[in-house]
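>
Protein chains in written order, with the numbering used here: chain A, 143 to 403; chain B, 143 to 403.
1) Please classify residue 214 of chain B: is it buried, with 16 or more other beta-carbons within 10 angstroms of its beta-carbon, or exposed?
2) Is there a Cβ of chain B sitting closer than 8 Å to that of residue 399 of chain A, yes or no?
3) Taking Cβ-Cβ distances shorter than 7 Å, what residues in chain B pair up with residue 201 of chain A?
4) What residues are listed by DSSP as bridge partners for residue 335 of chain B?
5) Take residue 146 of chain B and list the residues in its own chain whose beta-carbon comes closer than 6 Å to its own, dropping the five residues that flank it on each side.
6) Along chain A, which residues have their Cβ under 7 Å away from the Cβ of residue 407 of chain B?
7) Out of A:221, A:293, A:351, point me to the one whose CA is closest to residue 318 of chain A's CA.
8) Please classify residue 188 of chain A: is it buried, with 16 or more other beta-carbons within 10 angstroms of its beta-carbon, or exposed?
9) Which residues in the same chain have their Cβ closer than 6 Å to the Cβ of residue 378 of chain B, if we skip the five residues on either side of it in sequence?
10) What are the boundary residues of the alpha helix (DSSP H) that includes residue 225 of chain A?
11) Pull the bridge partners of residue 153 of chain A from the DSSP assignment, please.
12) Output needed for residue 203 of chain A: all residues of its chain with C-beta closer than 6 Å, excluding positions within five of it in sequence on either side, in chain order.
13) Let me make sure I understand the geometry here. Which of B:300, B:244, B:232 has the alpha-carbon closest to that of residue 338 of chain B?
14) CA-CA distance, residue 276 of chain A and residue 308 of chain A?
15) Which residue from B:332, B:315, B:352, B:323 puts its Cα closest to that of residue 226 of chain B?
16) The alpha helix (DSSP H) with residue 304 of chain B in it runs from where to where?
17) Drop a sphere of 10 angstroms on the beta-carbon of residue 335 of chain A, count the other beta-carbons inside from all chains shown, and report buried for 16 or more, exposed for fewer.
18) Using 10 angstroms around the beta-carbon of residue 310 of chain B, count the other beta-carbons present and answer buried if the total reaches 16, otherwise exposed.
19) So, does the CB of residue 136 of chain B fall closer than 8 Å to a CB anywhere in chain A?
20) Under 9 Å Cβ-Cβ, which residues of chain B neighbour residue 194 of chain A?
21) At 3 residues or longer, and completely inside the segment 368-403 of chain B: list those beta strand (DSSP E) runs for me, N to C.
22) Anything in chain A within Cβ reach of residue 372 of chain B, meaning under 9 Å, just list it in chain order.
23) From this set, B:291, B:273, B:284, B:228, which residue's C-alpha is nearest residue 267 of chain B's C-alpha?
24) Between residue 180 of chain A and chain B, is any beta-carbon pair separated by less than 8 Å?
25) Let me know the secondary structure DSSP gives residue 207 of chain A once reduced to three states.
26) Under a CB-based cut-off of 8 Å, is residue 144 of chain A close to chain B?
27) Please decide whether residue 221 of chain A counts as near chain B, where near means a Cβ-Cβ distance under 8 Å.
28) Tell me the DSSP secondary structure of residue 354 of chain B in three-state form.
29) Does DSSP put residue 279 of chain A in a helix, a strand or coil?
30) Closest to residue 286 of chain B by CA distance: which of B:160, B:164, B:254, B:264 is it?
31) Give the single residue among A:233, A:373, A:231, A:343 whose Cα lies nearest to the Cα of residue 351 of chain A.
32) Out of A:154, A:161, A:399, A:241, which one is the CA nearest neighbour of residue 387 of chain A?
33) Secondary structure at residue 237 of chain B, three-state DSSP: helix, strand or coil?
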């Protein structure tokens, strides 16, 4: 990869940013397609996000921005327009600057996550799903899992109101799916997903009680660093199938590059 | 070069930015030293420079910023502190963020330019020099040429007041050198330097009348793109020694990396 004066810039906005794993995968995909685009992660605090997005949107060679934790909600609020799941949920993980300068936000975490599950042989259609979290990443996953036709979606979240608000949005769009919130027992589900940042930092609580996991359950992560989170390690020790956070990125890179390039 | 979450960011601020040639040379030097740093050029308009620098200074993984045309004067004004030639001239081409968050600006164009001349066998000490331009780049060159002990420095500029202001600053620091401004005949000099952006864009006027160049004169450029500017082509046709803009960067990359790394 050679960066020149003609290279277009795609910042990845994150805080912190040491754990991000998108840049090498994104840059390799651009190189494979012959696109002269470079992604560099930028560690931007929540307080600085509005001023940073405002400065970035005026950069002549900006192609777009990729957004990750904790900015997925607030970046959506800074966009001029949202499409698809981003519009429904008010979260985005990628922003494109259109020819007329306006910023369009989209959300591919969910689509990437579902594609990752399928790629690893874990078909979500018709399954009973427990999702932990109702923030930016989890909302995208919930929408894509509902689109994929899961039988049942249970959303559990530290703040129950936020889970119920997400559930309301989804019930309106997917009336045929049983969507519930509150406290759930992991043993009642085929697929248990951590959609929070728990597991990224040492000393984080586990998102679910691993003693309630049963062998054969698929336990999946959105956290990419560490590669095997404490939840995945505990799940593996209990005979569950584990599905890493990195698979979500591997499958959505194509969608992100399509969107900004 | 692989960009990861641990990579530090060095934007190169320019407008336009397609012509810049620093990024591949800078990134290669970082790679050679084992530094995990990536430079990406950002096309920032003069109006957006203050807001952009303010946003960039808060980015957690920023190592520093490299500054080029037309931002060398205004970036210096945005620094909290200037060192060396940058302090004397009020221009900078590199900014470092210190541990306490303040921005320190420095100017290595001149030092790099003189090192480039020497590297190519064109010793400036004791020579008669005609410099076209009195802006950010030219000021740095003038200071370094005076430091190197040229015999005579003639500064010619579209706006004569700006040339005279630069000459005044230099006379105070280098009283032993003959420093003049106004209109000059290129034939009276050993070394003729374009320190303006003339030659970067098609249709630009030539910085000096090529019919007044005499064989054996060294004609040098700060413009890097095109590699051989119309001035250099005309000078070569008249039997002058030509010295390309790229040599200034080749020799100062080491100084820039030392400063920000």
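Where a beta carbon is used, it is the ideal one built from N, C-alpha and C, also for glycine.
With the given structure in hand:
1) Taking the second chain and counting its residues from 1, one reaches residue 214 of chain B at position 72. Result: buried.
2) Taking the first chain and counting its residues from 1, one reaches residue 399 of chain A at position 257. So no, residue 399 of chain A is outside the interface.
3) Counted from its first residue, the first chain places residue 201 of chain A at position 59. Chain B residues near residue 201 of chain A: 184, 185, 186.
4) For this step, residue 335 of chain B is matched to residue 193 along the second chain. Answer by DSSP bridge pairing, in chain order: B:273, B:362.
5) Within the second chain, residue 146 of chain B is the residue found at index 4, counting from 1. Same-chain partners within the cutoff: there are none.
6) Since the first residue of chain B shown is 143 and the last is 403, residue 407 of chain B is not available in this structure.
7) Residue 318 of chain A sits at position 176 when you count from the first residue of the first chain. With distances taken between Cα atoms, residue 318 of chain A lies closest to A:293.
8) In the first chain, the residue the question calls residue 188 of chain A occupies position 46. Burial call: exposed.
9) What you label residue 378 of chain B is simply residue 236 of the second chain in a count that begins at 1. If we look at residue 378 of chain B and ignore the five residues flanking it on each side, its Cβ neighbours are 384.
10) For the purposes of this step, residue 225 of chain A is taken as residue 83 along the first chain, with counting starting at 1. Counting along the chain, residue 225 of chain A falls outside any alpha helix (DSSP H), and DSSP gives it neither H nor E.
11) The residue given as residue 153 of chain A occupies position 11 in the first chain. Partner(s): A:182.
12) Taking the first residue of the first chain as 1, we reach residue 203 of chain A at position 61. Here residue 203 of chain A has 150, 151 as same chain residues with Cβ atoms under 6 Å from its own Cβ, once five neighbours each way along the sequence are excluded.
13) In the second chain, residue 338 of chain B corresponds to position 196, counting from 1. Nearest option by C-alpha distance: B:300.
14) As a working mapping, residue 276 of chain A is identified with position 134 in the first chain. As a working mapping, residue 308 of chain A is identified with position 166 in the first chain. Cα to Cα, the separation comes out at about 7 Å.
15) Reading the second chain from its first residue, position 84 is the one you call residue 226 of chain B. Residue B:315 is the option with its Cα nearest to residue 226 of chain B.
16) In the second chain, residue 304 of chain B corresponds to position 162, counting from 1. It spans 302-315 - the alpha helix (DSSP H) in which residue 304 of chain B sits, taken as one unbroken run.
17) Translated into the one-based positions of the first chain, residue 335 of chain A becomes position 193. Classification for residue 335 of chain A: buried.
18) Against the second chain, residue 310 of chain B aligns to sequence position 168. Its Cβ having fewer than 16 others within 10 Å, residue 310 of chain B is exposed.
19) With chain B running from 143 to 403 in the structure shown, residue 136 of chain B is simply not present.
20) Here residue 194 of chain A is taken as the residue at index 52 of the first chain, counted from 1. Residues of chain B passing the Cβ test: 197, 198, 200, 201.
21) 383-385
22) One-based indexing of the second chain puts residue 372 of chain B at position 230. At a C-beta separation below 9 Å, residue 372 of chain B has no neighbours in chain A, since its nearest C-beta there lies roughly 20 Å away.
23) For the purposes of this step, residue 267 of chain B is taken as the residue at position 125 of the second chain. Comparing Cα positions, the closest option is B:291.
24) For the purposes of this step, residue 180 of chain A is taken as the residue at position 38 of the first chain. Cβ-Cβ to chain B under 8 Å: yes for residue 180 of chain A.
25) By 1-based counting over the first chain, the position of residue 207 of chain A is 65. The answer is strand: DSSP assigns residue 207 of chain A an E or B state.
26) Here residue 144 of chain A refers to the residue found at position 2 when the first chain is read from its first residue. Yes, residue 144 of chain A lies at the interface with chain B (some Cβ there is under 8 Å from its Cβ).
27) Translated into the one-based positions of the first chain, residue 221 of chain A becomes position 79. Chain B contact via Cβ: absent.
28) For the purposes of this step, residue 354 of chain B is taken as the residue at position 212 of the second chain. Helix.
29) Reading the first chain from its first residue, position 137 is the one you call residue 279 of chain A. Residue state, collapsed to three classes: helix.
30) Counting from one through the second chain, the residue named residue 286 of chain B turns up at place 144. For residue 286 of chain B, the nearest C-alpha among the options comes from B:254.
31) Looking up residue 351 of chain A in the first chain gives position 209. Answer by Cα proximity: A:373.
32) By one-based count along the first chain, residue 387 of chain A stands at place 245. Checked all of A:154, A:161, A:399, A:241; the closest Cα to residue 387 of chain A is A:161.
33) Here residue 237 of chain B refers to the residue found at position 95 of the second chain. Three-state result, residue 237 of chain B: strand.
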